[in-house]
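J.:
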Ligand code: NAD
């Protein structure tokens, strides 16, 4: 069985469904393959109408979906509402993109007319994490469908109810069999990779690497968006109060469980600057409201499960054993649910987990650098390269930093977290494999190019 329970009230069982067997996954692909042929050969306007209807269906259930995300994954209500609004926007955006050109006409050769045309790949296998239980499935499914593919979605077990409810709303707007959800864990994910014509994965680095290897062995296109260890660099000329508030929100909002959450803060300057910013950041962290994510003013809900909570607390304890200091947080409040106080640490060795790996929870490392060069070296000294932020009032410094930071997303005077759905999204180094997601990049990923030569008869 696949089940999820609320991280806020662990006795609250949200859903329990049978796990999809390999045969059931294969049957979903077979039905999708049949539906895809008619979908791809039908008019683009029909696809636009269907995706717009899906957007309306999701918008019509906005409150219910937001409440379900709050209950199932502990997302604070304000963020959950934002995720639903973004989901609607994604569907509307791709409903229009079906009308984009799908190729180009080139100068004729000696043989004759030359043009390219993009065609769908078939059935897209989508494997998604639990932390954006609505938007991530849709930012993969909407472009896949828009450009003529069918979709089989394998959601994270922890977000099964969100995925099933989303499919109940969206699937009736589409031809039968075109979109299916197969609940399950890694085994069902592997069955999806074994059957798909194109694979889009989001999740941890280890699972993404395994998925990419398996898909590549089959010769199918794959993209994997994975974890981050995202730095924010704060220069002394920045608006330090605004920087502290934004860094705290990016590090601890939704209990630090975003791939783009700030995991390290590098403060540039002497000991006085470092002490000043440390004080502001601790105050901003302590001002975050921890509690029931259904309450409107709460910004830090629980982490997803007991193991995640224990990992954050153990990492803070290990930081102290390694010579570091916990500046705030570091413990789990004595209450129901998997809560951890926003935790800020400094002074750990360069090879400590907090300086190198993603700890998916509300824990962040404060580091110091003498100048921008040292700050950028620290920022880049991790295997990941998803998002980075730099806070400064100086335009030349911000452009220089943006050029040198090894991250797919660079923000200036803005938090590492938060992305616009119509721009390419993805990371560098260990954070990503394959093409960018979202925006115009998606058309290329979910289609293949045919080069056509037409000579006179
Ligand atoms: P996870 O890797 O544990 O699981 C992700 C999905 O992969 C789930 O559906 C899971 O069942 C499936 N899976 C796991 N092993 C598999 C395998 N061997 N073969 C096929 N499928 C497999 O990740 P999670 O805990 O659900 O999500 C948290 C992680 O996701 C964090 O590392 C976070 O940074 C990352 N994330 C990245 C992005 C991004 O766009 N870069 C966005 C959100 C989350």
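Numbering (the numbering used here), first residue to last: -7 to 449. Yeah, the Cβ is synthetic: ideal placement off N, Cα and C, and Gly gets one too. Only a predicted model underlies this, so the values are computations on that prediction, with no experimental measurement involved.
Going by C-alpha to C-alpha distance, which of 116, 152, 101 and 97 sits closest to residue 107?
T.: As a first step, residue 107 must be located in the chain shown, where it is residue number 115. Nearest of 116, 152, 101 and 97 to residue 107, Cα basis: 97.
J.: Would the C-beta of residue 146 count as close to the ligand NAD, meaning under 8 Å from any of its heavy atoms?
T.: The residue given as residue 146 occupies position 154 in the chain shown. Yes.
J.: Decide if residue 91 is buried, meaning its Cβ has at least 16 other Cβ atoms within 10 Å, or exposed.
T.: For the purposes of this step, residue 91 is identified with residue 99 of the chain shown, where counting begins at 1. It counts as exposed.
J.: Are there 16 or more other CB atoms within 10 angstroms of the CB of residue 325, so buried, or fewer, so exposed?
T.: To locate residue 325, count along the chain shown from 1; it is residue 333. Exposed, because fewer than 16 other Cβ atoms sit within 10 Å of the Cβ of residue 325.
J.: Closer than 6 Å by C-beta to residue 447: which residues in its own chain qualify, once you throw out the five before and the five after it? Chain order, please.
T.: Counting from 1 along the chain shown, the entry for residue 447 is found at position 455. Once the five neighbours on either side are set aside, the close Cβ partners of residue 447 are 103 and 104.
J.: Where residue 31 and residue 152 are concerned, what is the direct C-alpha to C-alpha distance, given to the nearest angstrom?
T.: Here residue 31 refers to the residue found at position 39 of the chain shown. Here residue 152 refers to the residue found at position 160 of the chain shown. Going from the Cα of residue 31 to the Cα of residue 152 covers about 27 Å.
J.: Between residue 345 and residue 225, what straight-line distance do the alpha-carbon atoms span, to the nearest angstrom?
T.: For the purposes of this step, residue 345 is identified with residue 353 of the chain shown, where counting begins at 1. For the purposes of this step, residue 225 is identified with residue 233 of the chain shown, where counting begins at 1. Each residue's Cα considered, the two are about 19 Å apart.
J.: Are there 16 or more other CB atoms within 10 angstroms of the CB of residue 60, so buried, or fewer, so exposed?
T.: In the chain shown, the residue the question calls residue 60 occupies position 68. Result: buried.
J.: Considering only residues of the same chain and omitting the five flanking positions on each side of residue 438, which have a CB-CB separation below 7 Å?
T.: If you number the chain shown from 1, residue 438 lands on position 446. Hits under 7 Å: 112, 113, 116, 135, 136, 139, 141 and 190.
J.: Figure out for me which residue from 11, 68, 128 and 53 has the closest Cα to the Cα of residue 413.
T.: By one-based count along the chain shown, residue 413 stands at place 421. That would be 128, whose Cα lies nearest to the Cα of residue 413.
J.: How should residue 430 be labelled, buried or exposed, when 16 other C-beta atoms within 10 angstroms of its C-beta is the threshold for buried?
T.: Translated into positions along the chain shown, residue 430 becomes position 438. Answer is buried; the Cβ neighbour count reaches 16.
J.: If we require 4 or more residues per run, which alpha helix (DSSP H) segments fall completely within the segment 93 to 175?
T.: Qualifying alpha helix (DSSP H) stretches, in chain order: 127 to 138 and 152 to 162.
J.: From the DSSP output, read off the bridge partner residues of residue 356.
T.: Position 364 of the chain shown, counting from 1, holds the residue named residue 356. Answer is 336.
J.: How about residue 424: is its Cβ closer than 8 Å to a heavy atom in the ligand NAD?
T.: By 1-based counting over the chain shown, the position of residue 424 is 432. Result yes, Cβ under 8 Å from the ligand NAD.
J.: Specify whether the segment 232 to 251 and the segment 274 to 281 touch according to this definition: at least 3 beta carbon pairs, one from each stretch, less than 8 Å apart.
T.: Verdict: yes, contact present.
J.: Mapping DSSP to helix, strand and coil, what is residue 380?
T.: In the chain shown, the residue the question calls residue 380 occupies position 388. The answer is strand: DSSP assigns residue 380 an E or B state.
J.: Tell me the rounded alpha-carbon separation between residue 287 and residue 209.
T.: Numbered from its first residue, the chain shown carries residue 287 at position 295. Numbered from its first residue, the chain shown carries residue 209 at position 217. Answer to the nearest angstrom: the Cα atoms are 47 Å apart.
J.: Rank 0, -4, -5 and 368 by C-alpha distance to the C-alpha of residue 290 and give the top, closest one.
T.: Working through the chain shown from its first residue, we reach residue 290 at position 298. The shortest C-alpha separation from residue 290 is found at 0.
J.: Hey, quick one: how far does the beta strand (DSSP E) through residue -4 stretch, first residue to last?
T.: Within the chain shown, the letter at position 4 stands for residue -4. Taken as a continuous stretch (DSSP letters only), the beta strand (DSSP E) holding residue -4 covers -6 to -3.
J.: Just how far apart, CA to CA, sit residue 10 and residue 19?
T.: For this step, residue 10 is matched to residue 18 along the chain shown. For this step, residue 19 is matched to residue 27 along the chain shown. Whole-angstrom Cα-Cα distance: 15 Å.
J.: Residue 26 lies in the beta strand (DSSP E); which residues open and close that run?
T.: For the purposes of this step, residue 26 is taken as residue 34 along the chain shown, with counting starting at 1. Premise fails: residue 26 lies in the alpha helix (DSSP H), 14 to 33, not in any beta strand (DSSP E).
J.: With 16 as the cutoff for other CB atoms within 10 Å, does residue 387 come out buried or exposed?
T.: For this step, residue 387 is matched to residue 395 along the chain shown. It is exposed - the Cβ of residue 387 has fewer than 16 other Cβ atoms within 10 Å.
J.: State yes or no: is the C-beta of residue 403 nearer than 8 Å to some heavy atom of the ligand NAD?
T.: Taking the first residue of the chain shown as 1, we reach residue 403 at position 411. The answer is no for residue 403.
J.: Residue range of the alpha helix (DSSP H) that residue 88 falls in?
T.: Within the chain shown, the letter at position 96 stands for residue 88. From DSSP, the alpha helix (DSSP H) with residue 88 extends over 69 to 89.
J.: Given this structure, state the Cα-to-Cα distance separating residue 347 from residue 46, to the nearest angstrom.
T.: One-based indexing of the chain shown puts residue 347 at position 355. One-based indexing of the chain shown puts residue 46 at position 54. About 43 Å.
J.: Our contact map puts residue 17 next to residue 174 with C-beta atoms below 8 Å; I'd like the distance itself, whole angstroms only.
T.: Counting from one through the chain shown, the residue named residue 17 turns up at place 25. Counting from one through the chain shown, the residue named residue 174 turns up at place 182. So it is a contact: roughly 5 Å between Cβ atoms.
J.: So residue 314 and residue 354 are in contact, right, with Cβ under 8 Å, and what is the actual spacing, rounded?
T.: Within the chain shown, the letter at position 322 stands for residue 314. Within the chain shown, the letter at position 362 stands for residue 354. Rounded, the Cβ-Cβ distance is 19 Å, inconsistent with contact.
J.: Measure the Cβ-Cβ separation of residue 296 and residue 177 and say whether it is below 9 Å.
T.: In the chain shown, counting from the first residue as 1, residue 296 sits at position 304. In the chain shown, counting from the first residue as 1, residue 177 sits at position 185. For residue 296 and residue 177, no; Cβs fall outside 9 Å.
J.: Enumerate in chain order the residues of its own chain whose CB-to-CB distance from residue 411 is below 6 Å, with the five nearest sequence positions on each side excluded.
T.: By one-based count along the chain shown, residue 411 stands at place 419. Counting only Cβ-Cβ distances below 6 Å, and skipping sequence neighbours, we find 417.
J.: Are residue 312 and residue 322 touching if we call contact CB-CB under 9 Å?
T.: For the purposes of this step, residue 312 is taken as the residue at position 320 of the chain shown. For the purposes of this step, residue 322 is taken as the residue at position 330 of the chain shown. For residue 312 and residue 322, yes; Cβs fall inside 9 Å.
J.: Should residue 249 be labelled buried (16 or more other beta-carbon atoms within 10 Å of its own) or exposed?
T.: Mapped onto the chain shown, residue 249 falls at position 257. Buried, because 16 or more other Cβ atoms sit within 10 Å of the Cβ of residue 249.
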